[in-house]
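All residue numbers for the sequence shown refer to the working numbering, where the first residue is 1 and numbers rise by one. Even glycine gets a Cβ: it sits at the ideal position worked out from N, Cα and C.
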Amino acid sequence: MRIALYQPDIAGNVGAILRTAACLGLAVDLIEPMGFTWNEKAVARSGMDYVGAVEIVRHVDWAAFRDQVRGRIVLLTTKGAVRLDAATFQSDDVLLMGSEGAGVPDDVHARADLRVLIPMRPGLRSMNISVATAIVAAEALRQTDGWPA
1 MRIALYQPDI AGNVGAILRT AACLGLAVDL IEPMGFTWNE KAVARSGMDY
51 VGAVEIVRHV DWAAFRDQVR GRIVLLTTKG AVRLDAATFQ SDDVLLMGSE
101 GAGVPDDVHA RADLRVLIPM RPGLRSMNIS VATAIVAAEA LRQTDGWPA
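What follows is the structure, given as structure tokens:
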């Protein structure tokens with residue numbers, strides 16, 4: 001199982017997701033362009049001290065990512081989706097998160113094999129991307145017996 005971040009905007013969120021992925025044994029795909037410069041200083045500043053403990057693959061754009069992806073693309077979205085508590089995950093799924101500011105464009109949304117929605121109270125827009133990623137990853141790992149030993 002992998003986590004993919006589509007054009008992430010905020011280094012701190014990426015850092016939190018990398019830390020979660022490292023702890024859970026998940027690889028991370030970063031789909032560029034990103035809203036910040038990826039360099040050692042940016043990595044250190046955003047608390048990505050776990051960067052050495054997680055497999056990270058950077059992709060120059062959506063097409064480069066899409067062409068190499070194996071398994072289903074499972075998009076976390078706030079529109080037109082299966083509720084998380086009704087979704088069924090597979091061990092080779094790629095959990096795709098959109099950018100914090102814009103989500104994903106329609107063509108990326110359409111490409112997803114499964115679209116998942118975290119149920120929330122009415123009137124609230126969305127959760128922080130790192131929190132939402134952790135919630136979905138935890139459920140996916142639970143269903144697939146993928147928790148680290």
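Between the alpha carbons of R125 and T88, how many angstroms are there, rounded? 24 Å
Within 7 Å, strictly: CB atoms of M73 and D113: The sequence shown places Ile at residue 73, not Met. A contact, by the Cβ cut-off of 7 Å.
DSSP beta-bridge partners for R58? L30
So A4 is in the beta strand (DSSP E); what residue range does that whole segment cover? 2-6
Work out the CA separation of V51 and L76 for me, nearest whole Å. 23 Å
Determine the extent of the beta strand (DSSP E) in which V136 is found, giving its start and end residues. Element bounds for V136: not the beta strand (DSSP E) but the alpha helix (DSSP H), 129-144.
With DSSP collapsed to three states, give me the class of I10. coil
Identify every residue that forms a DSSP beta bridge with R83. L117
Within 7 Å (strictly less), CB to CB, does Q143 reach chain B? The structure shown contains no chain B; it is built from a single protein chain.
Helix, strand or coil: which one does DSSP assign to V74? strand
Could you check what DSSP says for G103 in three-state terms: helix, strand or coil? strand
Give me whichever residues DSSP pairs with V94 in a beta bridge. R2, I73
If the criterion is Cβ atoms closer than 7 Å, does the pair R83 and L117 meet it? yes
Quick check: the Cα distance between L5 and L95, rounded to an integer number of angstroms? 8 Å
7 Å Cβ cutoff met for M1 and G98: no
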